[in-house]
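**Student:** Dropping a structure here in structure tokens format, bear with me for questions.
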Amino acid sequence: MADVLKLQPTAGMFDYPDPKNPSKGTTEQQYIEFEKNKHSVLSSLVADELWQPSTAYIVGQVVKSPNMPANVVARVVTAGTSASAEPVWSSAGHTMADGTVTWAMLYRTIDYATQAEVTAGTNTSKIVTPAMLGRTIKTDLASEKAGTLNAADKTVVGGVTGILPVAHGGTGTDSLANITVGKAGTLVGDAGLWGYLHRLDGSASLPTTNAALSALGVFMRSFYTSAQFSNQPTQLGQLLNIPPALGNKSGCQLWVENPNGRLYHRGGNDSIAINDTPFKRFLDTDDLSAAGVVAGDVSNPDAWWVKLGGAVPLIIQGG
Numbered sequence: 005m006a007d008v009l010k011l012q013p014t015a016g017m018f019d020y021p022d023p024k025n026p027s028k029g030t031t032e033q034q035y036i037e038f039e040k041n042k043h044s045v046l047s048s049l050v051a052d053e054l055w056q057p058s059t060a061y062i063v064g065q066v067v068k069s070p071n072m073p074a075n076v077v078a079r080v081v082t083a084g085t086s087a088s089a090e091p092v093w094s095s096a097g098h099t100m101a102d103g104t105v106t107w108a109m110l111y112r113t114i115d116y117a118t119q120a121e122v123t124a125g126t127n128t129s130k131i132v133t134p135a136m137l138g139r140t141i142k143t144d145l146a147s148e149k150a151g152t153l154n155a156a157d158k159t160v161v162g163g164v165t166g167i168l169p170v171a172h173g174g175t176g177t178d179s180l181a182n183i184t185v186g187k188a189g190t191l192v193g194d195a196g197l198w199g200y201l202h203r204l205d206g207s208a209s210l211p212t213t214n215a216a217l218s219a220l221g222v223f224m225r226s227f228y229t230s231a232q233f234s235n236q237p238t239q240l241g242q243l244l245n246i247p248p249a250l251g252n253k254s255g256c257q258l259w260v261e262n263p264n265g266r267l268y269h270r271g272g273n274d275s276i277a278i279n280d281t282p283f284k285r286f287l288d289t290d291d292l293s294a295a296g297v298v299a300g301d302v303s304n305p306d307a308w309w310v311k312l313g314g315a316v317p318l319i320i321q322g323g
């Protein structure tokens, strides 16, 4: 590292000649050396502080010039060599080219912003200290009040407004009266409940495993075409899926035939696939013959019985 040039001491430099003392008095050579020292120091200061033509500059160097706007200096952001003539300097906040050098124009001294200026947030030339900024930010979900981060009160409590859409994980509504069930939408009145239960209408084919059917939860789906799923009882009807728990391998299904309302059922567990099980129809009065004959079980699981209708019904049981 080169030594910093220093001004030569003035001791003995300003003495007048004394005829009685030959050692007194500044010689011409001493004065010349003194002036050379002043010139070297001054040249070094000028070169270090003031812009110079055709001079190599490195990144980070800062120069001044009387021709710059008041309170503005230039700092090198791209190293290079300055032009042979001094450029027209820009104001603070801008960059400019000078030969192959790129300068960033900066304020030489910066004032501190007042609290009012910090809160207003419009001043572009003053320093903001950490003490001027809000330190604590809280959100009050029960409020719609807007909080100002740079206000004099350093504890900022801002409210929340607007509705977060379902697509972004919200409810899509502004009222808890509209109950949200998963991502199916809101259950608002009868139409909402119907829409939730029939959320799979028109969707792709149903899954075939017990666990996958159970994972869909409770749903009711309308069918208008035959053989849309295995063992579909009739062409028209609605399938009601009722699992004991989501993802459980057990479950049951009901089929409501349209338009007569006949009811069918089937179920399954770990060893019985619901999808492979035919539906069984619940018996009703239509199952009675003209003679009033109906078949079924009684208290004895091994018994059978036949009822013959009439004024005095006759029941024949065996087993």
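Residue numbers are given in the working numbering: position 108 of the sequence shown equals residue 112, and the series is strictly consecutive. For each residue, glycine too, the CB sits at the ideal point set by N, CA and C.
Should residue 40 go down as buried or exposed, given a rule of 16 or more other Cβ atoms within 10 Å for buried?
**Tutor:** exposed
**Student:** Which residues bound the beta strand (DSSP E) around residue 288?
**Tutor:** Bounds of any beta strand (DSSP E) do not take in residue 288, whose DSSP letter is neither H nor E.
**Student:** My parser needs the beta strand (DSSP E) runs of 3 or more residues fully inside the stretch 32-117; what are they?
**Tutor:** Runs found: 76-82, 99-102, 105-111.
**Student:** Please classify residue 78: is it buried, with 16 or more other beta-carbons within 10 angstroms of its beta-carbon, or exposed?
**Tutor:** buried
**Student:** Given a cut-off of 8 Å on the beta-carbon distance, is the pair residue 283 and residue 270 in contact?
**Tutor:** yes
**Student:** Round the Cβ separation of residue 240 and residue 227 to the nearest angstrom and send it over; I've been treating them as touching at under 8 Å.
**Tutor:** 7 Å
**Student:** Output the distance between the C-alpha atoms of residue 187 and residue 170, rounded to the nearest integer angstrom.
**Tutor:** Note that residue 187 scores 46 on pLDDT, short of 50, meaning its location in the model is unreliable; the coordinates nonetheless yield the value given after this. The alpha-carbon atoms of residue 187 and residue 170 are separated by roughly 7 Å.
**Student:** Check whether the stretch 54-65 and the stretch 83-91 touch, using three or more Cβ-Cβ pairs below 8 Å as the test.
**Tutor:** yes
**Student:** Would DSSP call residue 143 helix, strand or coil?
**Tutor:** strand
**Student:** Using DSSP with H/G/I as helix, E/B as strand and the rest coil, what is residue 19?
**Tutor:** coil
**Student:** Which of helix, strand or coil does DSSP assign to residue 129?
**Tutor:** coil
**Student:** Do the CB positions of residue 117 and residue 105 come within less than 8 Å of each other?
**Tutor:** In this structure, residue 105 does not lie closer than 8 Å to residue 117 by Cβ.
**Student:** Should residue 137 go down as buried or exposed, given a rule of 16 or more other Cβ atoms within 10 Å for buried?
**Tutor:** exposed
**Student:** Once the 5 residues before and after residue 103 are set aside, which same chain residues still bring their CB inside 7 Å of it?
**Tutor:** If we look at residue 103 and ignore the five residues flanking it on each side, its Cβ neighbours are 84, 85, 86, 87.
**Student:** In three-state terms, what does DSSP make of residue 170?
**Tutor:** helix
**Student:** Look up residue 13 in the DSSP assignment and say whether it is helix, strand or coil.
**Tutor:** coil
**Student:** Enumerate in chain order the residues of its own chain whose CB-to-CB distance from residue 5 is below 6 Å, with the five nearest sequence positions on each side excluded.
**Tutor:** In this prediction, residue 5 has a pLDDT of 47, which is less than 50 and means its spatial position is unreliable; nothing more can be read from the coordinates.
**Student:** Between residue 30 and residue 19, how many whole angstroms is the CB-CB distance? I'm expecting something under 8 Å.
**Tutor:** 6 Å
**Student:** Excluding five sequence neighbours on each side, which residues of the same chain lie with their C-beta closer than 6 Å to the C-beta of residue 233?
**Tutor:** 210
**Student:** Please work out which residues of its chain come closer than 6 Å, Cβ to Cβ, to residue 108, disregarding the five sequence neighbours upstream and downstream, and give them in chain order.
**Tutor:** 79, 81, 99
**Student:** On the DSSP bridge list, what partners appear for residue 226?
**Tutor:** 242
**Student:** State the start and end residues of the unbroken beta strand (DSSP E) segment that holds residue 3.
**Tutor:** The chain is shown from 5 up to 323; residue 3 falls before or after that span and cannot be answered.
**Student:** Going by Cα to Cα distance, which pick from 244, 45, 38, 281 is closest to residue 259?
**Tutor:** The shortest CA-to-CA distance from residue 259 to any of 244, 45, 38, 281 is the one to 244.
**Student:** Is it right to say residue 17 is buried, meaning 16 or more other beta carbons lie within 10 angstroms of its own, or is it exposed?
**Tutor:** exposed
**Student:** What does the alpha-carbon distance come out to for the pair residue 213 and residue 144?
**Tutor:** 46 Å
**Student:** Please classify residue 35: is it buried, with 16 or more other beta-carbons within 10 angstroms of its beta-carbon, or exposed?
**Tutor:** So residue 35 counts as exposed.
**Student:** Along the beta strand (DSSP E) that carries residue 122, what are the first and last residues, could you check?
**Tutor:** It is not in any beta strand (DSSP E) - residue 122 instead sits in the alpha helix (DSSP H) that spans 119-124.
**Student:** Could you check how far apart the C-beta atoms of residue 219 and residue 197 are, in whole angstroms? I think they sit under 8 Å.
**Tutor:** Their Cβ separation, rounded to whole angstroms, is 21 Å, which puts residue 219 and residue 197 out of contact at 8 Å.
**Student:** Between which two residues does the alpha helix (DSSP H) harbouring residue 258 extend?
**Tutor:** Following the DSSP letters along the chain, one finds residue 258 in no alpha helix (DSSP H) but inside the beta strand (DSSP E) bounded by residues 255-261.
**Student:** If I measure Cβ to Cβ from residue 273 and keep anything under 6 Å in the same chain, skipping five residues before and after, which residues do I get?
**Tutor:** 254
**Student:** DSSP on residue 199, reduced to helix/strand/coil?
**Tutor:** Residue 199 falls in the helix class under three-state DSSP.
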